[in-house]
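Asks: In the working numbering, the protein residues as written are 3 to 161.
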Amino acid sequence: MARLLALAAAGPFPQFGRCAEVKPLSAVDPAELFSVVDNRKEGGTPGWALSEHALPLPTNAWWENLAMAGDTSSPEANVFQMPYVIMADDRGLHAMQPFTTGVTTQGFDKVEALSLSAQEYPKGPRASSWDELGVTLNWPMRDPKQGVKVPLVRGSPYI
């Protein structure tokens, strides 16, 4: 018991000394490492995908890029579903296999995508339901019984 009291009195990590003596892991400015940054406008308001939902909305979801994008056809609206990069716009769903572009970076190209769409282009995409691992995207049409519905599950090899 006395040994436990002595350890508690010494602080959380006595072998490391004071926190002021610990050097930072890096002093590099993040702007130098990441040249492309998505500066969201209008305070980060939800885009078309969540436009028909009341609050509360999901935060920190793996598909948040799609939900926050003002223009879902832009590269900033991509979703890394694993193992694919997914983009969903008014014309349909586009699944791309990422490829290595450098030591620590990957890229994707919509030209090489597998695209799923409808002949009559509906409005969309809309997130109709979601949970921690999945999101269901809808492209509704005038008739509520018609349209395209795509469930996406993180880590699933199936689209």
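In this text, a Cβ means the ideal position worked out from N, Cα and C, and glycines have one as well. Computed from a predicted structure; not experimentally measured.
In the DSSP assignment, what are the bridge partners of residue 141?
Replies: Answer is 150, bridged to residue 141.
Asks: Where does residue 79 sit, in a helix, a strand or coil, going by DSSP?
Replies: The answer is helix: DSSP assigns residue 79 an H, G or I state.
Asks: What does a CB cutoff of less than 7 angstroms around residue 97 pick up in its chain, not counting 5 residues either side in sequence?
Replies: 86, 88, 115, 116, 161.
Asks: With a Cβ-Cβ cutoff of 8 angstroms, do residue 170 and residue 142 count as a contact?
Replies: No answer is possible for residue 170: it lies beyond the span of the chain, which begins at 3 and ends at 161.
Asks: Return the Cβ separation of residue 100 and residue 94 in integer angstroms, given the expectation that the two are a contact with Cβ distance under 8 angstroms.
Replies: Their Cβ separation, rounded to whole angstroms, is 19 angstroms, which puts residue 100 and residue 94 out of contact at 8 angstroms.
Asks: May I ask you to report which of helix, strand or coil DSSP gives residue 30?
Replies: It is coil, neither helix nor strand.
Asks: Would you kindly report the start and end of the unbroken beta strand (DSSP E) that includes residue 68?
Replies: Looking at the DSSP string, residue 68 is not in any beta strand (DSSP E); the run it does join, the alpha helix (DSSP H), is 66 to 70.
Asks: Might you give, ordered along the chain, the residues of its own chain that have their beta carbon closer than 6 angstroms to the beta carbon of residue 91, omitting 5 neighbours on each side?
Replies: Here the set comprises 74, 75.
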